[in-house]
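Taking it in order: structure first as structure tokens, then the write-up.
Number of protein chains: 2
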Amino acid sequence: MSGLASRLSKVAKRHLTTSRTTVQDTARSSARSLAVHASSAPRPERPSFPCVEAHAARESRLRSAVCSATSLTSPTPSSSTGPEPPYARPNPTSYKIYHSDQSLPLTYAPPLPSFDVAYETWGTLSPAKDNVILLHTGLSASSHAASTELNPSEGWWEKFIGPGRALDTNQFFIICTNVLGGCYGSTGPSSIDPATNQPYATRFPVVSIFDMVRAQFRLLDHLGIDKLYASVGSSMGAMQSLAAGWMFPERVGKVVSISGTARSSPSAIAMRFAQRSVLMADPNWNNGFYYDGLPPHTGMKLARQIATITYRSGPEWDQRFGRKLREQPEDGRNSPRAPALCPDFQIETYLDYQGESFCLKYDANSLIYISKAMDVFDLTSSALAELHLTPPAPRSTPPPLPPSLASQPSSPKHDYYHSMLSHSKSHPPPPNPPAHLPELAEGLRPLANTPTLVLGVQSDILFPVEQQREVADALRMAGNPMVSYYELGGVWGHDTFLLDVQNVGGAIRGFLY
Amino acid sequence: MSGLASRLSKVAKRHLTTSRTTVQDTARSSARSLAVHASSAPRPERPSFPCVEAHAARESRLRSAVCSATSLTSPTPSSSTGPEPPYARPNPTSYKIYHSDQSLPLTYAPPLPSFDVAYETWGTLSPAKDNVILLHTGLSASSHAASTELNPSEGWWEKFIGPGRALDTNQFFIICTNVLGGCYGSTGPSSIDPATNQPYATRFPVVSIFDMVRAQFRLLDHLGIDKLYASVGSSMGAMQSLAAGWMFPERVGKVVSISGTARSSPSAIAMRFAQRSVLMADPNWNNGFYYDGLPPHTGMKLARQIATITYRSGPEWDQRFGRKLREQPEDGRNSPRAPALCPDFQIETYLDYQGESFCLKYDANSLIYISKAMDVFDLTSSALAELHLTPPAPRSTPPPLPPSLASQPSSPKHDYYHSMLSHSKSHPPPPNPPAHLPELAEGLRPLANTPTLVLGVQSDILFPVEQQREVADALRMAGNPMVSYYELGGVWGHDTFLLDVQNVGGAIRGFLY
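Each protein sequence line maps, in turn, to chains A and B.
When we follow the numbering used here, the leftmost residue of the first sequence carries the number 4, and every step to the right adds one.
When we follow the numbering used here, the leftmost residue of the second sequence carries the number 4, and every step to the right adds one.
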């Protein structure tokens, strides 16, 4: 008899002895009370797990919302029947939508026949349309980078955008889009496929960072904006920012790349793979076809917990949480408090909270597609060759003058251009460059004449500082004499770009001048 | 109408239009074929996801094994009906079991009334019983550290144990146990609770590293071994090794702590929390009561994928996998290969494989309990005070002589003891010690006179090298003049202790002499 079979056979016999059935929880309960009556000693209660029950409770809340919404006898369901994913309520009154009926070429698939790009703007477009900054988002952000008249709620980069801020609305006209593949107004897996009149779900094509940028530049065409003063982005936004400079050297004045990469590393792919895996294993995911049912909220919560680990750094947690436990009422006993298997350390309740508060705010398929777009991003020359992408020539035009100088009739242009040149002595080429560095330099050739700011954070474990140095080194090896490179300390890890207004904002402001 | 309700209502109307029902997959299929017949254009096929189907296929294989095993009309089920968890077949012919009917005190719960410790040994116990090394395991290992006559299959530290090896069986008698809470023969959540005649499941008490060591020393008592020549462990084994020296200073001659910690950090807790979360969210986990049904194999696979990320390091993956994709037959097309949402990069297939091959080999509840024991491990004085643990006095006896010297009638004892003293000049106290270092030093006082080897790996992200320095620093601050400290480079990360026979083995061998 096999080991498992033998064990299970024994288990089955034990069941017969104790007259218990095992198929369902309900059967279990009744059998248990039976057994309690039949035996002399009371059977100990089974422990409960609030952290697991939370999944079922969420499922139940969502199910009641679905039932009341789809019931034809109840045409006006209550608004209090469940959590409402914001991505399920496209709201063109809070952002603008550019719709194109002309197809969008894609890197890995036939063109999208039509598409939408949701966007918001801040500041005033100059008459010459030469003060435009295109701001790119990270994985899960919407176009709502800062509050607007249409949508006064706080944006994800609120303190970086405004009069006198890093992106100075007194000088610049800032555009932020929801990326292609996203779920906040732009075309993505949750959008209706015109071919089926159903959501695309996983029939949506795999998109690339290049495709996202291509869609953004179609929006710029639509707005009559020929050139960007600068392309700015952090995290995945930095990938887009570099890609924009690469694809359209003549149309992008300056590039800002914060805590990003020009070539996703296996470690970062591994972390995103873990997130996709837990998400796709959620039965609600249903191969991506969940839009007429319940979303994979548990998988989303678990994925976000993993992601959160990569967004912050250990040193911050040491300072913030240390080994402190969640607060619990004193039980008056003098014995050590028994640890719980559910979240008990404050670091655990923090991650649990981050997952819980995200799991219904974002579309699961968007997470899968956009994280994949990050994984496949690679600007080394061999990777670009495999995509049959012809690198454009580096720009021939001089870098743009800041608006303040451009408006002066006799501006000190020579001094300004000289000040753009980096002092490469402060950052000599690395003694042991990674093997792919020459290929990356070759791939980055189209950016050779584009002033570029690269900023990294030493405590970042998702886009580690080595990758920031790599981008700066490769740009310099590609012949770019205008690379500004900064490394920040601090304990905030990858999230520094959201939090460190003074240092991140200051570097951007100085570079954009 | 609320956003979600509005969306779902629209979805419901769309369903009516296309005559499709949505409740179950079977209903979906039949409705789809109906729709295909009814509409003019064929509906595009839904994509398939082999990585998700793998979970269902595994479930199906297991279910058929369960059915045939529990069917009374089939008393001799085939041995080929499914994967067999090795932990489900206790096999005292391949290891020994020490059974105690005397209760075992626990840190956080009432005593265990009885318990088993599975163990294996290598080498020969000296007549004076003074050549014993207790080898502690990491989280998921069994007592099978190396091949034996009873079990000739390769052990988890095969190349470190044997004649002339790091743990030299010509000199030493080595004992390795399966830890309390484990599933390879020692008492754990999958063991039968004598009070209910059912597996403990999550009625099993939370155990601590101290409890594991207490059980091991009860085994030593049983074997008549009063003193250990050394206590040796890596990863969680290093925690046990330190705890053994702490609890029984007079009984432990030397301590070896490799890639461990004396105080689990919030980062490590976060990584283990992520694993427990995905495991406990698997419906098969059933609050831990799955022993009469199907184990949470999908949760185990996902948990192992996450764990594997913490066991190796980015640099190794850069070298080993880089950005290579899994091999696929050429499709003859000249267009770029479209990336898959299932594992596609080699780093992804590697993690997938690691998860798949582990998910039925280990008990899910053991993973939860033992990872929790690691989280709560903390040798700072305040944490020990909360546990009402009275620190024993540091040992008064001199460190043990190596067998080769002990057997010589006039051994150069003075020289030997002198050589044990570390050269602390090569490792001065840190200029910016972590805030908890003085408390850790105070907590480690019982180890003040115990020669200790601390070894860390610079590419370890789970037990980072800072924690290794911390252990060495705290021991020295506690007054220990016999701390040997090594840092290894290399790219293997945490797993270095399993792989680097030359450097890890060499340091141990040199220290044990």
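A virtual CB, placed ideally from N, CA and C, is assigned to each residue, including glycine.
Closer than 8 Å to chain A by CB, B:His-58
Counted from its first residue, the second sequence places residue 58 of chain B at position 55. Cβ-Cβ to chain A under 8 Å: yes for B:His-58.
Between the stretch 121 to 132 of chain A and the stretch 165 to 183 of chain A, do at least 3 Cβ pairs fall closer than 8 Å?
yes
A:Leu-424 burial status per 10 Å Cβ neighbour count (16 or more: buried):
Counted from its first residue, the first sequence places residue 424 of chain A at position 421. A:Leu-424 is exposed by the Cβ-count criterion.
Any beta strand (DSSP E) of 3 or more consecutive residues that is wholly inside the stretch 178 to 254 of chain B:
233 to 237
How many angstroms separate the CA atom of B:Pro-114 from the CA atom of B:Leu-142?
On the second sequence, position 111 is the one that residue 114 of chain B refers to. On the second sequence, position 139 is the one that residue 142 of chain B refers to. Their Cα atoms are separated by approximately 23 Å.
Checking contacts by CB at 8 Å: is A:Asp-378 closer than that to chain B?
Numbered from 1 along the first sequence, position 375 holds the residue referred to as residue 378 of chain A. Cβ-Cβ to chain B under 8 Å: yes for A:Asp-378.
How long is the line joining the alpha carbons of A:Leu-137 and A:Ala-57, rounded to whole angstroms?
For the purposes of this step, residue 137 of chain A is identified with residue 134 of the first sequence, where counting begins at 1. For the purposes of this step, residue 57 of chain A is identified with residue 54 of the first sequence, where counting begins at 1. Straight-line Cα distance between these residues: approximately 40 Å.
Can a CB atom of chain A be found closer than 8 Å to the CB of B:Glu-600?
For residue 600 of chain B there is no data in the structure shown, the boundaries of chain B being 4 and 516.
CB-CB under 6 Å to B:Leu-458, same chain, minus the five flanking residues each way: which ones, in chain order?
Counting from one through the second sequence, the residue named residue 458 of chain B turns up at place 455. Within the same chain, B:Leu-458 has close Cβ partners Ile-261, Tyr-489, Ala-510.
Keeping to the same chain, check which residues put their C-beta closer than 6 Å to that of A:Ala-144; ignore five residues upstream and five downstream.
On the first sequence, position 141 is the one that residue 144 of chain A refers to. Around A:Ala-144: Trp-159.
I'd like to know whether the C-beta of A:Phe-292 is nearer than 8 Å to at least one C-beta of chain B.
Locating residue 292 of chain A in the first sequence gives position 289, where the first residue counts as 1. True, the Cβ-Cβ gap to chain B drops below 8 Å.
Quick check: is the beta carbon of A:Thr-96 nearer than 8 Å to any beta carbon in chain B?
In the first sequence, counting from the first residue as 1, residue 96 of chain A sits at position 93. Output row for A:Thr-96: interface = no.
Looking at the ligand MN, does it come within less than 7 Å of B:Tyr-101, judged from the CB to the closest heavy atom?
Among the components modelled here there is no ligand, and therefore nothing to report on the ligand MN.
A:Gly-191 and A:Ser-374: beta carbons closer than 8 Å?
Position 188 of the first sequence, counting from 1, holds the residue named residue 191 of chain A. Position 371 of the first sequence, counting from 1, holds the residue named residue 374 of chain A. No; because the gap between Cβ atoms is not below 8 Å, this pair is not in contact.
Against chain B, does A:Val-39 count as a neighbour if the rule is that its beta carbon must be under 8 Å from one of theirs?
Counting from 1 along the first sequence, the entry for residue 39 of chain A is found at position 36. Only weak support is given to the placement of A:Val-39: the predicted model assigns it a pLDDT of 34, under 50, and the value that follows is read from those uncertain coordinates. For A:Val-39, the answer is no, since every Cβ of chain B falls outside 8 Å of its Cβ.
CB contact check: B:Ile-212 to chain A, cutoff 8 Å
Walking along the second sequence from the start, residue 212 of chain B turns up at place 209. Judged by the 8 Å Cβ criterion, B:Ile-212 is not in contact with chain A.
Measure the alpha-carbon distance for B:Glu-161 versus B:Tyr-187 and round it to whole angstroms.
Along the second sequence, read from residue 1 onward, the residue named residue 161 of chain B stands at position 158. Along the second sequence, read from residue 1 onward, the residue named residue 187 of chain B stands at position 184. For B:Glu-161 and B:Tyr-187, the distance between alpha carbons rounds to 18 Å.
Could one say the Cβ of A:Thr-499 lies closer than 8 Å to chain B's Cβ atoms, at least one of them?
Translated into the one-based positions of the first sequence, residue 499 of chain A becomes position 496. False, the Cβ-Cβ gap to chain B never drops below 8 Å.
Assess, as a yes-or-no matter, whether the stretch 201 to 221 of chain A is touched by the stretch 308 to 328 of chain A under the definition of 3 or more beta carbon pairs within less than 8 Å.
no
In the DSSP output, which residue or residues are listed as bridge partners for A:Ala-121?
Here residue 121 of chain A corresponds to residue number 118 of the first sequence, with the count starting at 1. Answer is A:Ile-100, bridged to A:Ala-121.
Classify B:Gln-331 as buried or exposed, calling it buried when 16 or more other Cβ atoms lie within 10 Å of its own Cβ.
For the purposes of this step, residue 331 of chain B is identified with residue 328 of the second sequence, where counting begins at 1. With fewer than 16 Cβ atoms within 10 Å of its Cβ, B:Gln-331 is classed as exposed.
For B:Pro-269 versus A:Ile-350, is the C-beta spacing smaller than 8 Å?
Numbered from 1 along the second sequence, position 266 holds the residue referred to as residue 269 of chain B. Numbered from 1 along the first sequence, position 347 holds the residue referred to as residue 350 of chain A. Yes, the pair counts as a contact, with Cβ atoms nearer than the cut-off.
Residue burial classification, A:Ser-63 (beta-carbon count within 10 angstroms, cutoff 16):
Looking up residue 63 of chain A in the first sequence gives position 60. With fewer than 16 Cβ atoms within 10 Å of its Cβ, A:Ser-63 is classed as exposed.
Where B:Leu-75 and B:Arg-66 are concerned, what is the direct C-alpha to C-alpha distance, given to the nearest angstrom?
Taking the first residue of the second sequence as 1, we reach residue 75 of chain B at position 72. Taking the first residue of the second sequence as 1, we reach residue 66 of chain B at position 63. With a pLDDT of only 39 at B:Leu-75, under 50, the local geometry of the prediction cannot be trusted, and no value is derived from it.
Neighbourhood of B:Phe-175 by C-beta, 6 Å cutoff - its chain only, sequence neighbours within 5 removed
Your numbering for residue 175 of chain B matches position 172 in the second sequence. Contacts found: Gly-126, Asn-134, Ile-136.
Proximal residues to A:Tyr-372 (C-beta, below 8 Å), its chain only, five neighbours per side dropped
Taking the first residue of the first sequence as 1, we reach residue 372 of chain A at position 369. These residues qualify, in order along the chain: Gly-184, Gly-191, Pro-192, Phe-207, Val-209, Val-210.
Relative to chain B, which residues along the stretch 307 to 324 of chain A have a C-beta separation below 7 Å, given in chain order?
Gln-308, Ile-309, Ile-312, Gly-317, Trp-320, Asp-321, Phe-324
Under 8 Å between C-beta atoms of A:Asp-355 and A:Cys-54
Here residue 355 of chain A is taken as the residue at index 352 of the first sequence, counted from 1. Here residue 54 of chain A is taken as the residue at index 51 of the first sequence, counted from 1. Result yes, Cβ atoms of A:Asp-355 and A:Cys-54 sit closer than 8 Å.
Terminal residues of the alpha helix (DSSP H) in which A:Thr-499 lies:
Residue 499 of chain A sits at position 496 when you count from the first residue of the first sequence. From DSSP, the alpha helix (DSSP H) with A:Thr-499 extends over 499 to 502.
How would you list, in chain order, the residues of chain A whose beta-carbon sits under 9 Å from the beta-carbon of B:Val-209?
Taking the second sequence and counting its residues from 1, the one referred to as residue 209 of chain B is at position 206. What B:Val-209 touches in chain A: Ala-341, Pro-342, Ala-343, Leu-344.
Whether B:Ala-169 touches B:Gly-508 by CB criterion (8 Å):
Numbered from its first residue, the second sequence carries residue 169 of chain B at position 166. Numbered from its first residue, the second sequence carries residue 508 of chain B at position 505. Going by C-beta atoms, B:Ala-169 is nearer than 8 Å to B:Gly-508.
Got a sec? Which residues, its chain only, sit under 8 Å from A:Tyr-516 by beta carbon, not counting five neighbours each side?
Taking the first sequence and counting its residues from 1, the one referred to as residue 516 of chain A is at position 513. Pro-405, Ser-407, listed in sequence order.
So A:Thr-264 packs on A:Gln-470, CB below 8 Å; how close in whole Å?
Here the question's residue 264 of chain A lines up with position 261 in the first sequence. Here the question's residue 470 of chain A lines up with position 467 in the first sequence. Contact holds; Cβ gap of about 4 Å.
By the three-class DSSP mapping on this structure, what secondary structure does B:His-147 have?
Along the second sequence, one-based indexing puts residue 147 of chain B at 144. Of the three classes helix, strand and coil, the one that applies to B:His-147 here is coil, per DSSP.
Determine the DSSP secondary structure at B:Glu-48, reduced to helix, strand or coil.
For the purposes of this step, residue 48 of chain B is taken as the residue at position 45 of the second sequence. Coil at B:Glu-48, not helix or strand.
Three-way DSSP call (helix, strand, coil) for A:Asp-355 in this model:
Counting from 1 along the first sequence, the entry for residue 355 of chain A is found at position 352. Here A:Asp-355 sits in helix by DSSP.
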